[in-house]
Amino acid sequence: MNTDHHVILRVIAKMLIPVITMFAFYVQFHGDFGPGGGFQAGVIIAVAVILYALVFGVPAAMRAVPPVFTRSLAAVGVMIYAGVGFWAMLQGGHYLEYQALFHEPPGEHHGQHIGILGIELGVLCGVSGAMLTIFYAFAGRVAEIRDEDW
Amino acid sequence: MIDAILNAAPAWALSHAAPLLVMVPLFLAPLLALVPTGRIAWLISIAATGISFLFALILLGLVQTSPIGVVSYEVGRWPVPLGIELRVDALNAMILLIVTTIGLLASVFSWPTVVAEIPKRKRALFYSAFLVCFAGLNGVAITGDAFNLFVFLEISSISTYVLVALGSGRDRRALPAAFNYLIMGTLGASFYIIGIGFLYAATGTLNMYQISTLLPELAGHRSVQAGFAFILVGLGLKAAMWPLHQWLPNAYSYSPTFVTMFLSATATKVALYALIRFLFTVFRPDYGFEISAFSAILMPLGIAAMVVCSFQAVFQTDVRRILAYSSVAQVGYMILGVSIGTTAGLSAGLFHLVNHAMMKGALFMAVAGVVLTYQGTTIRDFAGLGRSAPWTMTAFAIAALSLIGVPLTAGFQSKLQLGFALFDQGLWWAVGLVVFSSFLAVIYMGRVLEAVFFQPPVNPRKTRKEAPVLLLVPLWILALANLYFGIAADFPLGLARDAAAAAFGVEAFR
Chain A
322 MNTDHHVILR VIAKMLIPVI TMFAFYVQFH GDFGPGGGFQ AGVIIAVAVI
372 LYALVFGVPA AMRAVPPVFT RSLAAVGVMI YAGVGFWAML QGGHYLEYQA
422 LFHEPPGEHH GQHIGILGIE LGVLCGVSGA MLTIFYAFAG RVAEIRDEDW
Chain B
160 MIDAILNAAP AWALSHAAPL LVMVPLFLAP LLALVPTGRI AWLISIAATG
210 ISFLFALILL GLVQTSPIGV VSYEVGRWPV PLGIELRVDA LNAMILLIVT
260 TIGLLASVFS WPTVVAEIPK RKRALFYSAF LVCFAGLNGV AITGDAFNLF
310 VFLEISSIST YVLVALGSGR DRRALPAAFN YLIMGTLGAS FYIIGIGFLY
360 AATGTLNMYQ ISTLLPELAG HRSVQAGFAF ILVGLGLKAA MWPLHQWLPN
410 AYSYSPTFVT MFLSATATKV ALYALIRFLF TVFRPDYGFE ISAFSAILMP
460 LGIAAMVVCS FQAVFQTDVR RILAYSSVAQ VGYMILGVSI GTTAGLSAGL
510 FHLVNHAMMK GALFMAVAGV VLTYQGTTIR DFAGLGRSAP WTMTAFAIAA
560 LSLIGVPLTA GFQSKLQLGF ALFDQGLWWA VGLVVFSSFL AVIYMGRVLE
610 AVFFQPPVNP RKTRKEAPVL LLVPLWILAL ANLYFGIAAD FPLGLARDAA
660 AAAFGVEAFR
């Protein structure tokens, strides 16, 4: 095993990946009352997987987080976002009207809170899914014409 | 018919028609990315476009029965300067009706061509991209917020690049075409957003109606004029205004045939709508810089488009490229109508926009049928098809005559209106050029029709082989619409007149 000269890199990356993921969730749940939110958190989660792919190889990353999953995640994210809008509409409000989610009188903010959390969750799924799909599309690309064939 | 739909529609559909029109396809699009097979995706896309079509009819009815002629919807019930407003008047209602009608017909006919051209595992995703594009185009047409318009423009454009690139299964040149389109489209969108930035700096609001009320006192402001210039160039690029049309012929020739048909009838139309919205509603045609832009930029460019691109079309050998260059020429007619700057001119331009969607939709649909059965798009491949595929080719011929502007077709009616509008302003030389360009259309469409009906087939073994029924039905709906509206033009002409009046502002509305 002496040939593995990336051992420090691997160990540090293994340590960092859970921290990065946790930081992503901190940014996510901080987003409704401070800087941060779904987009940034989604990018950070994607970064955790991309770091894994850089250090351990794209095939290993694709086994851990398959491309089908990332693609579906992006689609589900959009549907969560749009779904919150439809939910407000079903409750009799306008599209994306958080106040209508629980039929609250003005001054109560439960619906506002839940509504923005749902939206941020949708953005988190959408952005991390899209980022990883783009990364896989570029990193997993095999040249269609081999170099010798030119 | 619209009254019946208004009466039958439940109350929630009436009050939420505007957001549902966009959000139903936008919600179903990611769902299509999850469904396993292309056939289910196809059925869902028909359902989504059909629902949008119904909502477009409802919106048209609401606008026509509304006392002020405007349907306004505050997303999230945020009041207007803060939130996004969906604002539908007669102008957008018309555009929405065109986009949803074409979207519905396109998705009905798409299945045979998608099976032939798109690899199996990509079919569901292909429909997903189509629905995103459809929702984006509707969003551009429906929104009353300048920045929201940019977002929807990018939603529709990015999915369009994907759709064009998927033509690479049939022809590898689709990839550079899509990349070229991506660069040009992104440039156009950036110019547009820079222009919006200037307007926002000057007025402090992004709502188009609010900008329009604040602009009269700022019209001499340099940043307003710079914003106008950027928006004109940006949306001109998206609408394929000559000479910014270089992306269009390749994108239309190499994309999947279904995509060509859908885009030719909707994408440039929606960009042109956005341009008209800015020229007439946000800015007013009586501002000094806009008058000079009309006479010094739009009119010469419109005329150049219809003459130069008609000439280019004459020398093409591929039918899809002929039609693509002809599309740029037809955009020239619309720009010419817009650049007159009068209600009559604008309504003629909009009327031609409706008719062009019908005739180009029918022409590209017929070409899709030929590609499906004979795998060729050069004029030589079309030789003798009048005998082997009479139904497809008769519809093609009707739409071609309409494109030329033969009396009793829709194309004649709109060129007539354009001629009237030009005569009103004493621009007889422009009328002459319209007629000249129509003669060029006789030549370039005549070459195809001559091959179709009077030349022997290249390969005599090509026996009678018609396009599938699924393709013939929407094709004939469009072809008969060309004939019907060529004889009884009241409905589209009324839509275009109302739309032009609405574009000039609420006070001019009927």
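Sequence lines, in order, name chains A and B. So for the first sequence, my numbering puts the first residue at 322; every next one is plus one. So for the second sequence, my numbering puts the first residue at 160; every next one is plus one. For glycine and all other residues, C-beta sits at the position ideal for the given N, C-alpha and C.
inquiry  = Just verifying my parser: in three-state terms, what is the DSSP assignment at residue 245 of chain B?
reply    = strand
task = Just tell me which of A:435, A:462, A:460 and A:453 has its CA closest to the CA of residue 350 of chain A.
result = A:435
ask   = Does the distance from the C-beta atom of residue 525 of chain B to that of residue 553 of chain B stay below 7 Å?
value = no
request  = Measure from the C-beta of residue 364 of chain A to each C-beta in chain B and report whether the shortest distance is under 7 Å.
outcome  = no
ask   = So, residue 442 of chain B versus residue 389 of chain B, is the Cβ gap smaller than 7 Å?
value = no
ask   = Are there 16 or more other CB atoms within 10 angstroms of the CB of residue 669 of chain B, so buried, or fewer, so exposed?
value = For residue 669 of chain B, the pLDDT reaches just 42, beneath the cut-off of 50, and the residue's location in the model is therefore unreliable, leaving the point undetermined.
key: Proximal residues of chain A, C-beta to C-beta of residue 295 of chain B below 9 Å   = Going along chain A, no residue has its Cβ under 9 Å from residue 295 of chain B, so there is no contact; the nearest lies around 13 Å.
task = Enumerate in chain order the residues of its own chain whose CB-to-CB distance from residue 616 of chain B is below 8 Å, with the five nearest sequence positions on each side excluded.
result = 542, 543, 544, 546 and 547
Proximal chain A residues relative to residue 234 of chain B, where beta-carbon distance stays under 7 Å = 415, 416 and 417
ask   = Does the count of Cβ pairs from the region 506 to 517 of chain B and the region 253 to 267 of chain B closer than 8 Å reach three?
value = yes
key: chain A contact for residue 337 of chain B (CB, 7 Å cutoff)   = The Cβ of residue 337 of chain B sits no closer than 7 Å to any Cβ of chain A.
query = Cα separation between residue 165 of chain B and residue 228 of chain B?
reply = The straight-line gap from Cα to Cα measures roughly 16 Å.
message = Just to confirm my understanding: we take residue 533 of chain B, look at its own chain, exclude 5 residues before and 5 after, and list those with CB closer than 8 Å. What are they?
response = 540, 544, 621 and 624
inquiry  = My output table needs one value for residue 330 of chain B: the three-state DSSP class, helix, strand or coil.
reply    = coil
key: Simplified DSSP state of residue 425 of chain A, which is helix, strand or coil   = coil
task = Hey, could you find the ends of the alpha helix (DSSP H) residue 441 of chain B is sitting in?
result = No alpha helix (DSSP H) holds residue 441 of chain B; DSSP gives it neither H nor E.
request  = Measure the alpha-carbon distance for residue 391 of chain A versus residue 344 of chain A and round it to whole angstroms.
outcome  = Answer to the nearest angstrom: the Cα atoms are 20 Å apart.
query = In whole angstroms, what separates the C-alpha of residue 664 of chain B from that of residue 439 of chain B?
reply = Looking at the two C-alpha atoms, the distance is approximately 8 Å.
message = Closer than 7 Å between beta carbons: that is the criterion. Which residues of the region 178 to 194 of chain B meet it against chain A?
response = Listed by position along the chain: 178, 182, 185, 186, 189, 190, 192 and 193.
request  = Provide the residue span of the alpha helix (DSSP H) that contains residue 286 of chain B, from first to last.
outcome  = 282 to 301
ask   = Checking contacts by CB at 7 Å: is residue 393 of chain A closer than that to chain B?
value = yes
ask   = Whose C-beta lies closer than 6 Å to the C-beta of residue 576 of chain B among residues of the same chain, with five residues either side of it excluded?
value = 507 and 510
task = Go to residue 231 of chain B, then tell me how far its beta strand (DSSP E) extends in each direction, as first and last residue.
result = 230 to 233
request  = Could you please give the first and the last residue of the uninterrupted alpha helix (DSSP H) stretch that includes residue 321 of chain B?
outcome  = 305 to 324
task = Write down every uninterrupted run of the alpha helix (DSSP H) in the region 552 to 594 of chain B whose length is 4 residues or greater and which is fully enclosed by it, in chain order.
result = Here the runs fully enclosed are 569 to 583.
task = Check the C-beta distance from residue 402 of chain B over to residue 480 of chain B and give it rounded, since I have them as a contact under 8 Å.
result = Wrong, their Cβ atoms sit about 17 Å apart, outside the cutoff.
message = For residue 427 of chain B, tell me which candidate among B:653, B:301 and B:296 has the shortest Cα-Cα distance.
response = B:296
Selection from B:351, B:530 and B:491 that minimises the alpha carbon distance to residue 683 of chain B = No answer is possible for residue 683 of chain B: the residues shown for chain B start at 160 and end at 669.
query = Would you say residue 400 of chain A reaches chain B, if we count a Cβ-Cβ gap shorter than 7 Å as a contact?
reply = yes
inquiry  = Quick check on residue 471 of chain B: buried or exposed, where buried means 16 or more other Cβ atoms within 10 Å of its Cβ?
reply    = buried
message = Please tell me whether residue 399 of chain A and residue 447 of chain A are closer than 7 Å, where the distance is taken between their beta carbons.
response = yes
query = What does residue 175 of chain B reach in chain A if we use C-beta pairs closer than 9 Å?
reply = 410, 415 and 416
query = So what does residue 366 of chain B bridge to, in DSSP terms?
reply = B:304
inquiry  = Looking at the secondary structure, which residues open and close the alpha helix (DSSP H) in which residue 391 of chain B lies?
reply    = Residues 381 to 397.
ask   = From the beta carbon of residue 382 of chain A, is the nearest beta carbon of chain B less than 7 Å away?
value = no
Secondary structure of residue 196 of chain B, DSSP reduced to three states = coil
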